[in-house]
Amino acid sequence: MSETHGIIASFADTPSFYHAAEKVRDAGYTKWDTYSSFPVHGMPEAQGQPRSKVPVFTFVGGITGFTVGTLIVWFMNYFDYPLIVGGKPFFSPVFPFPVMYELTILLAAFGTLGGMFITNLLPQHYNPLFNSDAFLEVSGDRLVIAIESRDPKFDPEATRRFLAEIGGTDIEEVSN
Amino acid sequence: MTIFAVVCAGIFPLFHVGRVWFAWWLFPLPNANAIWPQFRSPLEWDVFAVSTYGTVSVLFWYMGMIPDLGVLRDRAVQRLKVGAYEGAGLLAKGMDVFRKYLYGIFAMGWRNAGNHWRNYEMAYLILAGLSTPLVLSVHTIVSFDFAAAQLPGWHTTIFPPYFVAGAIFSGFGMVLTLMLPLRAIYGLHDLITQRHIDNMCKICLGTGSIVGYAYIMEFFIAWYGANPYESFAFINRGFGQYSWAYYMMFACNVFTPQLFWFSAVRRNAALVWVMSIFINVGMWFERFVITVTSLANDFLPSSWGYYSPTIVDIFTFFGTFGLFSVLFLLFLRFLPLMPIAEVKFVMPAADPHGHNDSTGGQH
């Protein structure tokens, strides 16, 4: 119950928050994150994060949609029950193009939203950080950096001192 | 708003099928004789276009709200922790418990992490990119329903771009109609600024002029194409039994937005609102003119007639007003009217390079 989840520190304004994130990155911590109620320009670089993987999910969704669109028209109108309509061919890649196109977009959109959830490991309705009153203020105007105890470099004393050195205030230990 | 409009828009084709209980024939399912729907028909394309449009709009709308739902959840939790319900009664507390769980469930555990934002911003950008061609495709495919028919007045290649321009035109008109009263009632003058209204008016002017060009070009092609049925349809449109609707449409859609050339007009919110109503009326008449004039006077003079709406038509139409208003007002009451996170993002204080002065943090 009282096991430490991590240590959180608050920062006064966006520039000091941004530069503190760079220092945490350079200190070699890995299990940590920044928390702010708006996306900060350039923060992924300051945190040393790579480019988001969401486009991969979009691409896979789009390809799946295009294939499914082509296959349902082929299966329904050519393979399973061929029906002559207006003397047109049973199957052609031209006339069902709207269907293929729409399904591409539809599944790409689902892939994008699903990809956002998967890459962010959501839904995750419980997180120990929410136990902290200060952390709840993040969705207001507080800017927080949290270093988790599962980080190999984590040390209750040294990490606390480090967060104070880089300008953190209201330093608080969050328990599980 | 799109979603509520799509909900309303879904009702009309549903009743249009005539036998509502057969509406599932539209979906790619085999019927009782194991025959599948056939995909050479624009109506079948339209099923996919409209349902994709509706679904992607819902996804985009929901995703944009996730951080804001997190804000509402955190506020409810904070109030519950402080417990400041003295004199406010049990109901106020109960509402916050309700908010904590309901907003909490839909916020999906969003906790504003830098890692969340990184993936979220990428996903938001992609969804915005996917929605843009969708706007073009949905109206293009709707116009195919008409353009692929043989009826004079419908069978024209100008329909796809013409419908897209008309859709943007009427969409901006409708947003102005709803937004200006909201801005006045809730005092959102710092969020919806004069610059926004100016730009929306200019888009109405641009697209309204494109629509006007399309009206004139239709007449030109009817003459230039030398098809007697086509030219009859257009002479009938301009001078026949429905000419009153045609002139109403032309005046509202082509002449009204021309006033937006003047900045004095764009700065007068009340006048802009009145003009946005004219745009809505004009666009309603555009659909009326296209649909009714061609059908009322088709190839066989013996089947000609004069259409006037029945009581059921009128009530269905007003019913959609009611449905839209209920959904829209519920949205205003229970969900964030303005995207909170997006507003914060453009504040000078959100700039990481410390140029948070009156210049707006440019670097």
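Protein chains in written order, with the working numbering: chain L, 1 to 176; chain H, 1001 to 1363. Just so you know, even glycine gets a beta-carbon here, dropped at the ideal spot from N, CA and C. Because the structure is a prediction, the values reported are computed rather than measured.
- Assignment of GLU1086 of chain H by DSSP, reduced to helix, strand and coil, places it in the coil class.
- Around PHE1234 of chain H, the same chain offers PHE1219, ALA1222 as residues with beta carbons nearer than 6 Å, after the five sequence neighbours per side are excluded.
- Going by beta carbons, VAL144 of chain L and GLN1038 of chain H fall outside the 7 Å limit.
- Ranked by how close their Cα comes to the Cα of PHE1255 of chain H, the residues H:THR1207, H:PHE1159, H:PHE1172 have H:THR1207 in first place.
- Per DSSP, reduced to three states, the secondary structure at TRP1261 of chain H is helical.
- Using a CB distance cut-off of 7 Å, MET43 of chain L counts as an interface residue toward chain H.
- Listed along the chain, the chain H residues whose CB falls inside 8 Å of the CB of HIS125 of chain L are GLY1104, ILE1105, MET1108, GLY1109.
- The C-beta distance from MET1249 of chain H to PHE1285 of chain H rounds to 4 Å, short enough to fall under 8 Å.
- With its beta carbon at least 7 Å from every one in chain L, HIS1155 of chain H lies outside the interface.
- In the DSSP annotation of this structure, the continuous segment of the beta strand (DSSP E) that includes HIS5 of chain L starts and ends at 4 to 11.
- At a C-beta separation below 7 Å, LEU83 of chain L has these neighbours in chain H: ILE1035, GLN1038.
- Between the segment 1141 to 1154 of chain H and the segment 139 to 158 of chain L, the count of Cβ pairs shorter than 8 Å is below three; the stretches do not touch.
- Just measuring C-alpha positions, the residue of H:TYR1306, H:GLY1305, H:THR1320 sitting nearest VAL1312 of chain H is H:THR1320.
- Buried is the label assigned to THR1156 of chain H, since at least 16 other Cβ atoms lie within 10 Å of its Cβ.
- ALA20 of chain L: not part of any beta strand (DSSP E); member of the alpha helix (DSSP H) spanning 14 to 26, first to last residue.
- According to DSSP, residue pairing for GLU148 of chain L in a beta bridge involves L:GLY6.
- Legend: CB atoms of the segment 56 to 83 of chain L lying less than 7 Å from CB atoms of chain H belong to residues THR58, ILE72, VAL73, MET76, ASN77, ASP80, TYR81, LEU83.
- Remark: fewer than three beta-carbon pairs, one from each stretch, lie closer than 8 Å, so the segment 1094 to 1112 of chain H and the segment 69 to 77 of chain L are not flagged as touching.
- Taken in chain order, the unbroken stretches of beta strand (DSSP E) that lie wholly in the segment 18 to 86 of chain L and span 3 residues or more are 32 to 35.
- For chain H, the residues of the segment 104 to 129 of chain L that bring a beta carbon within less than 8 Å of one of its beta carbons are ILE105, LEU106, ALA108, ALA109, PHE110, THR112, LEU113, GLY115, MET116, PHE117, THR119, ASN120, LEU122, PRO123, GLN124, HIS125, TYR126, ASN127, LEU129, in chain order.
- Contact annotation for TYR35 of chain L against chain H: ARG1111, ASN1112, ALA1113, GLY1114 [CB-CB distance below 8 Å, chain order].
- Looking at the DSSP output, VAL1056 of chain H sits in no beta bridge, so it has no partner there.
- For the segment 1320 to 1352 of chain H, the residues whose beta carbon sits under 7 Å from a beta carbon of chain L are, in order, ALA1341, LYS1344, PHE1345, ALA1349, ALA1350, ASP1351, PRO1352.
- For ILE1311 of chain H, the enclosing alpha helix (DSSP H) begins and ends at 1311 to 1334.
- Under the criterion of beta carbons closer than 8 Å, HIS1353 of chain H and PRO15 of chain L qualify as touching, at roughly 6 Å.
- About 20 Å separates the beta carbon of VAL1164 of chain H from that of LEU106 of chain L, a gap too long to meet the 8 Å contact definition.
- Within the same chain, and ignoring the five residues on either side of VAL1211 of chain H in sequence, the residues whose Cβ sits closer than 6 Å to its Cβ are ALA1165, GLY1166, PHE1169, ASN1253.
- Distance check between MET1063 of chain H and each of H:ILE1035, H:LEU1329, H:LEU1127 places H:LEU1127 closest, using alpha-carbon atoms only.
- Note that the C-beta distance between GLY1114 of chain H and MET43 of chain L is below 7 Å.
- Straight-line measurement puts the Cα of LEU1295 of chain H at about 21 Å from the Cα of ILE1216 of chain H.
- In the three-state scheme derived from DSSP, where H, G and I count as helix and E and B as strand, ILE171 of chain L is classed as strand.
- The residue among L:GLN124, L:GLU173, L:VAL73, L:GLN49 with its C-alpha nearest the C-alpha of THR30 of chain L is L:GLN49.
- Comparing C-alpha distances from ARG1287 of chain H to each of H:HIS1189, H:GLY1153, H:TYR1213, H:PRO1181 shows the shortest one belongs to H:GLY1153.
- For ASP1198 of chain H, the enclosing alpha helix (DSSP H) begins and ends at 1194 to 1224.
- Close CB contacts of ASP33 of chain L within its chain, under the 7 Å cut and outside five residues either way in sequence, are with ALA146 (chain order).
- Chain order gives no chain L residues near ASN1031 of chain H, where near means a beta carbon separation below 7 Å; the closest approach is about 10 Å.
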